[in-house]
Amino acid sequence: MSECSRKDLAELIHAYELGLLSDEKRAEVEMHLLECDDCFGSAQKTAEASRLLKFHPETRDQVRALRIEHSSVAEPIGRRGISWRWAVPSLVTVAVLLVLVLKDWRVDIRPRETVVAAENRVIVLPFNDLVQPVDSCRFGSIIAGLLVTSLSESHNLSVVSSQYVSDLLAQQHISPSGQSADASTTMAIARHAGAQWMVTGTVTQLRPELTINAELVEVATGTVKLAVQGKGAGDSALFTAGDRLAARIKTALLPSAPASGIRDRAIAEITTGSPEACQEYMRGIDLWQRMYIDEAGPHFRRAIALDSTFAMPYYYLSMLAVGAERLALNRLAMKFIDRAGTRDGYLIRSRSAFLDGNLDEGIRILSAFVTRYPDDKQPLLQLARVEYTLGRYDSALSHLQTAIFLDSSYAEAYNLLAYTFDRMGDFDDALRASDRYVALAPNDANPYDSRAQLYALNGRPDKAIEAYRQALAIKPDFFSSLAYLGIMYIFNRNYSEAESCFVALAGSLAPSSEASSRLYLAYIPAYAGKFEKALTLLKQYEAQDSVAQAISSLSFKRHFEAICLEADGRPVEAVTAMERCLAAGPTDIGDSYRRKTYLIHLLVKVGEIEKARRLTSELKHVLDSSGVSQAPYWCALGALAAADGQVDSSVYWYSRAAEMGDQFYDRLMAGRAYLRVGKLADAVSTFELLLSRYTSPRMFWCPESVKLHYYLGQAYERSNWNDRALRQYELFLDIWKNADSGIAERDDALQRVQRLQQQP
Numbered sequence: 007m008s009e010c011s012r013k014d015l016a017e018l019i020h021a022y023e024l025g026l027l028s029d030e031k032r033a034e035v036e037m038h039l040l041e042c043d044d045c046f047g048s049a050q051k052t053a054e055a056s057r058l059l060k061f062h063p064e065t066r067d068q069v070r071a072l073r074i075e076h077s078s079v080a081e082p083i084g085r086r087g088i089s090w091r092w093a094v095p096s097l098v099t100v101a102v103l104l105v106l107v108l109k110d111w112r113v114d115i116r117p118r119e120t121v122v123a124a125e126n127r128v129i130v131l132p133f134n135d136l137v138q139p140v141d142s143c144r145f146g147s148i149i150a151g152l153l154v155t156s157l158s159e160s161h162n163l164s165v166v167s168s169q170y171v172s173d174l175l176a177q178q179h180i181s182p183s184g185q186s187a188d189a190s191t192t193m194a195i196a197r198h199a200g201a202q203w204m205v206t207g208t209v210t211q212l213r214p215e216l217t218i219n220a221e222l223v224e225v226a227t228g229t230v231k232l233a234v235q236g237k238g239a240g241d242s243a244l245f246t247a248g249d250r251l252a253a254r255i256k257t258a259l260l261p262s263a264p265a266s267g268i269r270d271r272a273i274a275e276i277t278t279g280s281p282e283a284c285q286e287y288m289r290g291i292d293l294w295q296r297m298y299i300d301e302a303g304p305h306f307r308r309a310i311a312l313d314s315t316f317a318m319p320y321y322y323l324s325m326l327a328v329g330a331e332r333l334a335l336n337r338l339a340m341k342f343i344d345r346a347g348t349r350d351g352y353l354i355r356s357r358s359a360f361l362d363g364n365l366d367e368g369i370r371i372l373s374a375f376v377t378r379y380p381d382d383k384q385p386l387l388q389l390a391r392v393e394y395t396l397g398r399y400d401s402a403l404s405h406l407q408t409a410i411f412l413d414s415s416y417a418e419a420y421n422l423l424a425y426t427f428d429r430m431g432d433f434d435d436a437l438r439a440s441d442r443y444v445a446l447a448p449n450d451a452n453p454y455d456s457r458a459q460l461y462a463l464n465g466r467p468d469k470a471i472e473a474y475r476q477a478l479a480i481k482p483d484f485f486s487s488l489a490y491l492g493i494m495y496i497f498n499r500n501y502s503e504a505e506s507c508f509v510a511l512a513g514s515l516a517p518s519s520e521a522s523s524r525l526y527l528a529y530i531p532a533y534a535g536k537f538e539k540a541l542t543l544l545k546q547y548e549a550q551d552s553v554a555q556a557i558s559s560l561s562f563k564r565h566f567e568a569i570c571l572e573a574d575g576r577p578v579e580a581v582t583a584m585e586r587c588l589a590a591g592p593t594d595i596g597d598s599y600r601r602k603t604y605l606i607h608l609l610v611k612v613g614e615i616e617k618a619r620r621l622t623s624e625l626k627h628v629l630d631s632s633g634v635s636q637a638p639y640w641c642a643l644g645a646l647a648a649a650d651g652q653v654d655s656s657v658y659w660y661s662r663a664a665e666m667g668d669q670f671y672d673r674l675m676a677g678r679a680y681l682r683v684g685k686l687a688d689a690v691s692t693f694e695l696l697l698s699r700y701t702s703p704r705m706f707w708c709p710e711s712v713k714l715h716y717y718l719g720q721a722y723e724r725s726n727w728n729d730r731a732l733r734q735y736e737l738f739l740d741i742w743k744n745a746d747s748g749i750a751e752r753d754d755a756l757q758r759v760q761r762l763q764q765q766p
């Protein structure tokens, strides 16, 4: 790194970060930073120091103390709560900080009403297509999106993201491809986004020459600073016109900025040169942002069919794929990363790091994204998702708070916020965040689907069913709601309604929907204890999956086949099924690690201890090299310890795995270990917790899910809570009243009921 030749400017970096320079001097420093690597590195360190100061533990503790003091007056004693610690993304005055500290979002969750416009912050609204009454080709949205991409390349401009614009329009019930907003509405949207400048425009002609008129308006006064026309002809008309508009807007906003010596890349160089590919990509993004993830996939695939060098569709498709296909798509995104803008490049590189198992590097890249675009909410949501997945809920909450501070109407952030609060044990706040999500996107299915899952996770199946029905009233083929509603009906033993949901699921547009529906149909007899029927169906469905090359679905069915075989008293056959399962599915995903753990459990059960030890050692090596959770390995150690008669050690390993995450199988095995050694209080609390959660993983392990009543009955009985024990045994027997004969747990439960009923 070369040494700086402008010491006078280098000494001003700290003052620049604190916002203490005049406009003239600030512009001079900013241009110097673009030219001097040494000072640019120093500026990054200074910015990071400022950011660390804002998140310093002592500062956060003081905020928390103030928050608790305020809450002690406003809330009833004994209520569970999580401190709402706003993470402020820029230096603020003490007065503003106190307002944020004392504002309890649980009391007032309304959006901020006053937003101060940031200097050189620009919002680009979808252009109005005067040629086509309904913008079926999405020219207005595409032009706006291309301008956002181009303007975002400038270090001297802060550009409101296209997603934020889409969210604000949706709140006003305005479709980006439909009617245009009136002047007062667009001005209100710009003010809400904290923009100093607003770009609006119209498409006035498509042929023979594309003609676009644009205006650059000062939001505070309504003054038109620039009126400009962009034209283009031929296949590149859209991109040529966009480049011309972007260049004129940059010149108008940054008239005195000295030349950096770096040529602005053309829009087609950082997106695609195909208008049709761009249209397909925009349609996919619109569906993706509304959580219609599976339906977005075909649009992304059409986009790369039209332009095989278009990087971002590969990025999104990699998140839909599994195994080798996921890695291949990610490699293609990285291959064409030079065809992505700076913003999108951060996303591609961070995902590549995560897929390589380099979590620290992925987080570092997303953090650099935040530093480069401090007003962009997307990297904050990505960071929150990573931390949530890792079980670091405090960190996830901090990122979500910052994102919501930037955009109080950020629907996706409220969605994850609801799940985060639920994982932190605060169901009340989870529902409040869910209510906010519904209010922000009332016409989408996913907010109701998410609310249903919260109810299902907290022992309210009837409320969950009601919310799933609300989601399906909006979108009848919504995959998640159809699948989970069917599962909820199985838990309620309404088997005919469950079957109707799964049959409808087969007609969903989601990829592999037909193969998934076949697995769910096998749940119905298995939950009722009819394992022979379930196994017959699975054989039939596995053959269909093999013909259709539905490898992922095939591996799930073989796993479920092994579960049913073990429940039917056939563990040797279950071992064979699990070995076939592992041979069929991808080996680089979490499911494969879990499957190896279950295979080790089965091997121990049939007495193949040495083979189980060898697989456990191999599993340890794979987990170490992948840098993921050791919980599957700990479960395997629990099984081996039990086989060696080391019951206390078995309890230790199973409980450690259960505490690490929230896996049904881990908690189940921990509960059974507690029961074996007589830790009855722990067994009771574990089984009661599992029974209160109506989830898909619990249904996948449906024989054990039903047997939870049997295990809990034993824990109650050994604790001398005979009435409770009797109730659990009766529930267990009622669910399996028409089950296959010869099930040992069922026969034992019948004897226990008779004995308890005979007691005085």
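Numbering-wise, the working numbering puts 640 at position 634 of the sequence shown, and it's gapless, one number per residue.
Glycine included, C-beta positions come from ideal geometry on N, C-alpha and C.
As the structure is a prediction and not an experimental result, all values here were calculated from the model.
Counting other Cβ atoms within 10 Å of its Cβ, Q757 stays below 16 and is therefore classed as exposed.
Here the region 123-138 lies against the region 202-210, with 3 or more beta-carbon pairs under 8 angstroms apart. Three or more pairs of CB atoms, one per stretch, sit closer than 8 angstroms, so the region 633-648 contacts the region 605-620. Bounds of the beta strand (DSSP E) holding K231 are V230 to G238. S415 and L423 have their alpha carbons spaced roughly 13 angstroms apart.
Taking the Cα of V444 as reference, the smallest distance to any Cα among R438, P453, L437 and A436 is reached at P453. Runs of the beta strand (DSSP E) spanning 3 or more residues and lying entirely within the region 321-361 do not occur at all. Pairing Y639 with V657 gives a Cβ-Cβ distance that is not under 9 angstroms.
A residue is called buried once 16 or more other Cβ atoms fall within 10 Å of its Cβ, and H627, having fewer, is exposed. N421 and A439 have their C-alpha atoms roughly 7 angstroms apart. One alpha carbon belongs to F433, the other to W727, and they sit about 29 angstroms apart.
No residue range can be given for R499, since it is assigned to no alpha helix (DSSP H) and is classified by DSSP as neither H nor E. Under the three-pair Cβ rule at 8 angstroms, the region 370-382 does not count as touching the region 298-314. Annotation: Q211 to A220 spans about 13 angstroms, alpha carbon to alpha carbon. Residue state for M430 is assigned as coil, using DSSP reduced to three classes.
DSSP assignment within the region 451-487 yields no whole beta strand (DSSP E) run of 3 residues or more. A direct Cα-Cα distance of roughly 14 angstroms separates D753 from G719. Your pair A302 and Y320 does not check out as a contact, with CB atoms roughly 13 angstroms apart and the cut at 8 angstroms. Distance from the Cα of M325 is smallest, within the candidate group S356, F342 and T348, for S356.
If you look at N219, you'll find it in the beta strand (DSSP E) that goes L216 to E224. About 4 angstroms separates the Cβ atoms of A568 and A580, confirming a contact at the 8 angstroms cut-off. Beta-bridge analysis with DSSP links W203 to V128 and E224. DSSP lists D135 and I218 as the beta-bridge partner residues of V209. Closest in alpha carbon position to V712, among K256, G535 and A512, is G535. Taking every protein chain shown into account, the CB of G633 has fewer than 16 other CB atoms within 10 angstroms, so this residue is exposed. D597 and A637 have their C-alpha atoms some 12 angstroms from each other. Distances from the alpha-carbon of R391 to those of E505, I369, A359 and D468 put I369 closest. Rounded to the nearest whole angstrom, the CA to CA distance from V759 to R733 is 9 angstroms. In the three-state DSSP reduction, V653 falls in the helix class (H, G or I). In this chain, the alpha helix (DSSP H) harbouring W294 covers P281 to Q295.
The DSSP-derived three-state label of V166 is coil.
Contact annotation: L372 and L396 have beta-carbon atoms that are not nearer than 9 angstroms. Take the alpha-carbon of L157 and the one of T227: they are about 22 angstroms apart. Excluding five sequence positions before and after A258, the CB atoms of its chain that fall closer than 7 angstroms to its own CB belong to L222, K231 and L232, given in chain order. The region 189-199 makes no contact with the region 458-469; the number of CB pairs closer than 8 angstroms stays below 3. Closest by C-alpha distance to Y599, out of I741, H565, T582 and G146, is H565.
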